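Colleague: Attaching a single structure in structure tokens format; questions to follow.
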Amino acid sequence: MTDAETIKQKLEAKFNYLKGSVRLQREKRLWLETAYDKFAELFDFAVKELGFSFLCTITGLDEGENLGYIYHLAQPGGIVLNIKTRTKKNEPIKSITAYFPSGNIYERELVDLLGAKVEGLIEGLRYPLPDDWPRDQYPLRKDWDAKVLEKGSYGEMHGENVQMPIGPKQIKGPTSFSIAHKNDVTLPIGPQHPALKEPESFSVALRGEKIAGVELRLGYNHRGIEKGCEQRSYIQDIYLIERICGICSHSHSTAYVSAVEEIAGLEIPKRASYIRTIIAELERIHSHLLWLGVAGHEIGFDTLLMYSWRDREAIMDILAMLTGNRVNYGINQIGGVRRDITPDQVPQIIKVIETLEEQTKYYIQLALEEVTLIQRLSGVGVLSKEDVLRLGAVGPTARASSVPRDTRKDDPYAAYAEMPFKVITDDHNDVYGRTIVRLGELMESYSMTKHALINMPDGPISVKAPRKIPAGEAVSRYEAPRGEDVHYIKSNGTENPERVKVRAPTLANTQAVSKMLEDRYLADLPIVVAAIDPCFSCTDRSISIINLENEHEKVMTWKDLRDYSVEWYKKQGVDFSKMKRRQFP
Amino acid sequence: MKVIDKIVHWARLKSPWILHFNTGACNACDIEIIAALTPRFDVERFGVQLKATPRHADILVCSGPVTRQIRDRLIRIYEQMPEPKFVVAVGTCATSGGVFQGLYNVLGGIDQAIPVNAYIPGCPASPMAIIDGVVKLLKSLEESE
Chain A
1047 MTDAETIKQK
1057 LEAKFNYLKG
1067 SVRLQREKRL
1077 WLETAYDKFA
1087 ELFDFAVKEL
1097 GFSFLCTITG
1107 LDEGENLGYI
1117 YHLAQPGGIV
1127 LNIKTRTKKN
1137 EPIKSITAYF
1147 PSGNIYEREL
1157 VDLLGAKVEG
1167 LIEGLRYPLP
1177 DDWPRDQYPL
1187 RKDWDAKVLE
1197 KGSYGEMHGE
1207 NVQMPIGPKQ
1217 IKGPTSFSIA
1227 HKNDVTLPIG
1237 PQHPALKEPE
1247 SFSVALRGEK
1257 IAGVELRLGY
1267 NHRGIEKGCE
1277 QRSYIQDIYL
1287 IERICGICSH
1297 SHSTAYVSAV
1307 EEIAGLEIPK
1317 RASYIRTIIA
1327 ELERIHSHLL
1337 WLGVAGHEIG
1347 FDTLLMYSWR
1357 DREAIMDILA
1367 MLTGNRVNYG
1377 INQIGGVRRD
1387 ITPDQVPQII
1397 KVIETLEEQT
1407 KYYIQLALEE
1417 VTLIQRLSGV
1427 GVLSKEDVLR
1437 LGAVGPTARA
1447 SSVPRDTRKD
1457 DPYAAYAEMP
1467 FKVITDDHND
1477 VYGRTIVRLG
1487 ELMESYSMTK
1497 HALINMPDGP
1507 ISVKAPRKIP
1517 AGEAVSRYEA
1527 PRGEDVHYIK
1537 SNGTENPERV
1547 KVRAPTLANT
1557 QAVSKMLEDR
1567 YLADLPIVVA
1577 AIDPCFSCTD
1587 RSISIINLEN
1597 EHEKVMTWKD
1607 LRDYSVEWYK
1617 KQGVDFSKMK
1627 RRQFP
Chain B
6 MKVIDKIVHW
16 ARLKSPWILH
26 FNTGACNACD
36 IEIIAALTPR
46 FDVERFGVQL
56 KATPRHADIL
66 VCSGPVTRQI
76 RDRLIRIYEQ
86 MPEPKFVVAV
96 GTCATSGGVF
106 QGLYNVLGGI
116 DQAIPVNAYI
126 PGCPASPMAI
136 IDGVVKLLKS
146 LEESE
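Taken in order, these protein sequences are the chains called A and B.
Mapping to this note's numbering: the first sequence position 274 is 1320, numbers consecutive.
Mapping to this note's numbering: the second sequence position 110 is 115, numbers consecutive.
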């Protein structure tokens, strides 16, 4: 009997009403439904007794009169328990942040996009919708009409229910970010900032040089892809989903097509799953080399940026050769892959990979011996093992704190069940550890790619997929370069999906960033943020909040600041008050 | 044209400083822009340098469709740049909205918010295309005088 069957029996033994209704859709996927009044007890049992210690995400569904919620819980062994429940649209649900602090983000998303009411949710900046988005418009509801956004009416809706921009100062409540002492300075960073490649905005409360609190506002990249997927067909969605993120585009599209294939009951040919694995590992190599360069840049080591990006071009050439595009490969299709790898390409790829192996050995030597690098990265952005487990960090961020959380091992997809590889972990718990983990993973990826290329079975590369996917639902998990990527797809028998839900790895890691920055120096912020390898175009959401005592605070506008400086200079004997401010046209 | 203007014009063409801003892109164009700055492609050959602040930049290189949240910030960054300023839209979605057209939080291409001088299509625009676009922009500036 498998572990999943044991869990099923335990659940049925404990809760009589579940008898016969716990569904084992496939290996490691358990589904069950419960009424909301019985949900709390069941959830508590699953977390405390059955060892479901990781919350993948929460999916919200619009079911007409009701709102449906699916809590996707995972075990270290890779079993996913999907607990479905529903309430009437105006009835609230209770927050689960007591069990999983990371759930805060997912609940916030339910509130903003679906209009769910969550009791006990920490107040904070909104996400992922814009600041001036009307509070009573929920885009993921089925009856929501995008017409309200047409010119004019969007402006007219700017009324009382709009939270206008911007800043943590507007947030009230005992647990929100606010200035603890009058001497604290709030420094806004972003959305455009030299240290950040993507638009995200941090409000950092500083006590001297130390960071006292961080509030993160994401959503600058929120485009509304989940809603867009519902309006497009399954095939169009592959290409839309691929463009969630240009760095892990293969991750998202593979997770998506795997879920659709599971619903449609398609068994993809072995060769196709090998090709997916090869592209996935090549993508990991290019992403980790990219990260190494960016990390070097953030600590002022630009030579490393130039070196690793030069090496990365070799991988980009291979990807262009195999798929036809440097980024956004478009190699996946439902039922297999679009392009085959020809025998004469194999030695070319292996040759490049062997060159890169040599280069990476040099980087590893550099990381282990270069004193400036070690001193700059050690002890920066510390995240203990307990915090990883509590905050639900994923990917190299988790593995650098000795948590061997790797979906490729726990819950194998594509051809990973047949791949020999080690899960690289490290016990440094800091940015240095994350560097070591990523470099180690590069070596694993090289050997895995070579293994897959040599042992790739012959045969077809795709099977025919129906245009209409039968009704059903599936959850697929994928180990993207940044960590676990979760997709939930619900189909209704038509050409378009009913609901597509994406949880990108950076979203799971944002909570950890705030923890890492706590009480650290401001100068460490760029490298700490870069160390999770953030990908905010995947994430497009917010939010993380740090507790500070709520004291009196004062917002200084531009005018206040000017008056203050004029007064200050007056005391020094200089009078600037007659000086005019330059007028902009 | 005065001699000083000639010198300024010459300097401007030989060292166009750029500011990169992601207005809601999927990151693909952004990494291609960075790739254009690194050794294989190296736009620094043309004097192009990536600057950290809009106040130092001559050319604003935007990638991605304009999202509702970023629109005001984009305009603000554009207004901070000194005259004369130029905008390059990199990628299909910066040009027209591309694959994201019709999504509720997307307004469309960069030209929905600020005036654009050069469009570089491609999903993502390859570093070669980006260099070509920048060089064409510089050429048109040279001819305009």
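Idealized CB from N, CA, C, for every residue including glycine.
Computed from a predicted structure; not experimentally measured.
1. Please check if any C-beta of chain B sits within less than 8 Å of the C-beta of leucine 1336 (chain A).
2. By the three-class DSSP mapping on this structure, what secondary structure does proline 1572 (chain A) have?
3. Does glutamate 1359 (chain A) come within less than 8 Å of chain B when only Cβ atoms are used?
4. Check the Cβ of asparagine 1267 (chain A) against every Cβ in chain B and list those closer than 9 Å, keeping chain order.
5. Ordered along the chain, which non-local residues of its own chain (more than five positions away) have a Cβ less than 7 Å from that of glutamine 1216 (chain A)?
6. In its own chain, which residues sit with a C-beta less than 7 Å from the C-beta of valine 1045 (chain A), not counting the 5 before and 5 after it?
7. For the alpha helix (DSSP H) containing tryptophan 15 (chain B), list its first residue and its last residue.
8. Taking the C-alpha atoms as reference points, what is the distance between aspartate 190 (chain B) and arginine 1317 (chain A)?
9. To which residues does DSSP link asparagine 27 (chain B) through a beta bridge?
10. Please state the DSSP three-state secondary structure of alanine 1511 (chain A).
11. How do the stretch 1263-1283 of chain A and the stretch 1168-1184 of chain A stand: do at least 3 beta-carbon pairs fall below 8 Å, yes or no?
12. Could you tell me which of A:Lys1468, A:Lys1536 and A:Phe1085 sits nearest to valine 1546 (chain A), measuring between CA atoms?
13. Tell me whether phenylalanine 1622 (chain A) is buried or exposed, calling it buried when 16 or more other Cβ atoms sit within 10 Å of its Cβ.
14. Span of the beta strand (DSSP E) holding glutamine 1044 (chain A)?
15. Quick one: what does DSSP say glutamine 1379 (chain A) is sitting in, helix, strand or coil?
16. Could you tell me if threonine 1495 (chain A) is buried or exposed, where buried requires 16 or more neighbouring beta carbons within 10 angstroms of its beta carbon?
17. Could you tell me the distance, in whole angstroms, from the CA atom of glycine 1339 (chain A) to the CA atom of tyrosine 1353 (chain A)?
18. Opposite glycine 1149 (chain A) in the DSSP bridges: which residues?
19. Under 8 Å by Cβ, that's how I've got alanine 1341 (chain A) and threonine 1481 (chain A) pegged, so tell me the actual separation to the nearest angstrom.
20. Out of B:Arg73, B:Leu65 and B:Arg45, state which residue places its alpha-carbon closest to the alpha-carbon of proline 120 (chain B).
21. Work out the CA separation of threonine 1323 (chain A) and glycine 1376 (chain A) for me, nearest whole Å.
22. How many Å lie between asparagine 1374 (chain A) and isoleucine 1116 (chain A) at the Cα?
23. Report the residues of the stretch 1242-1259 of chain A with a CB closer than 7 Å to any CB of chain B, ordered along the chain.
24. List the residues that DSSP assigns as beta-bridge partners of isoleucine 1235 (chain A).
25. Can you check the stretch 82-113 of chain B for any beta strand (DSSP E) of at least 3 residues that lies completely inside it and give the ranges in chain order?
26. Give me the DSSP bridge partner(s) of serine 1493 (chain A).
27. With DSSP as the reference, identify every bridge partner of tyrosine 1117 (chain A), one or two as the case may be.
28. Taking Cβ positions, are phenylalanine 1100 (chain A) and threonine 1131 (chain A) nearer each other than 8 Å?
29. Please state whether DSSP places tyrosine 124 (chain B) in a helix, a strand or coil.
30. Would you give the residue range spanned by the beta strand (DSSP E) that proline 1543 (chain A) belongs to?
31. Given that methionine 1367 (chain A) touches chain B, what residues does it touch there, using C-beta distances under 8 Å?
32. Opposite histidine 1533 (chain A) in the DSSP bridges: which residues?
33. Check the DSSP bridge columns for isoleucine 1257 (chain A) and list the partner residues they point to.
Modeller: Let me spell this out:
1. yes
2. helix
3. yes
4. Asn27, Thr28, Gly29, Ala30, Cys31, Asn32, Gly69, Thr72, Gln74 and Ile75
5. Residue confidence is low: glutamine 1216 (chain A) scores 39 on pLDDT, short of 50, so the model does not pin down where it sits. Its coordinate-derived value is still stated next. Beyond the five residues adjoining it in sequence on each side, glutamine 1216 (chain A) comes within less than 7 Å, by CB distance, of no other residue in the same chain.
6. In the structure displayed, chain A extends from 1047 to 1631; residue 1045 (chain A) sits before or after that span and is not available.
7. It spans 8-19 - the alpha helix (DSSP H) in which tryptophan 15 (chain B) sits, taken as one unbroken run.
8. Past the boundaries of the shown model lies residue 190 (chain B); chain B is included only from 6 to 150, so the question cannot be answered.
9. Looking at the DSSP output, asparagine 27 (chain B) sits in a beta bridge with B:Ser68.
10. Note: alanine 1511 (chain A) maps to coil in three-state DSSP.
11. Using a C-beta cut-off of 8 Å, the stretch 1263-1283 of chain A makes contact with the stretch 1168-1184 of chain A, since at least three inter-stretch Cβ pairs fall below that distance.
12. A:Lys1536
13. exposed
14. Nothing about residue 1044 (chain A) can be reported from this structure: the residues present for chain A run from 1047 to 1631 only.
15. strand
16. buried
17. 8 Å
18. DSSP, once it has assigned bridges, lists no residue as partnering glycine 1149 (chain A).
19. 7 Å
20. B:Leu65
21. 14 Å
22. 30 Å
23. Lys1243, Glu1244 and Pro1245
24. A:Phe1248.
25. 91-95 and 111-113
26. Within the DSSP bridge table, the entry for serine 1493 (chain A) names no partner.
27. A:Ile1104 and A:Ile1129
28. no
29. strand
30. 1543-1549
31. By Cβ distance, chain B contributes nothing, its closest Cβ being about 14 Å from methionine 1367 (chain A), past 8 Å.
32. Beta-bridge partners of histidine 1533 (chain A) (DSSP): A:Ser1522 and A:Val1548.
33. A:Leu1252
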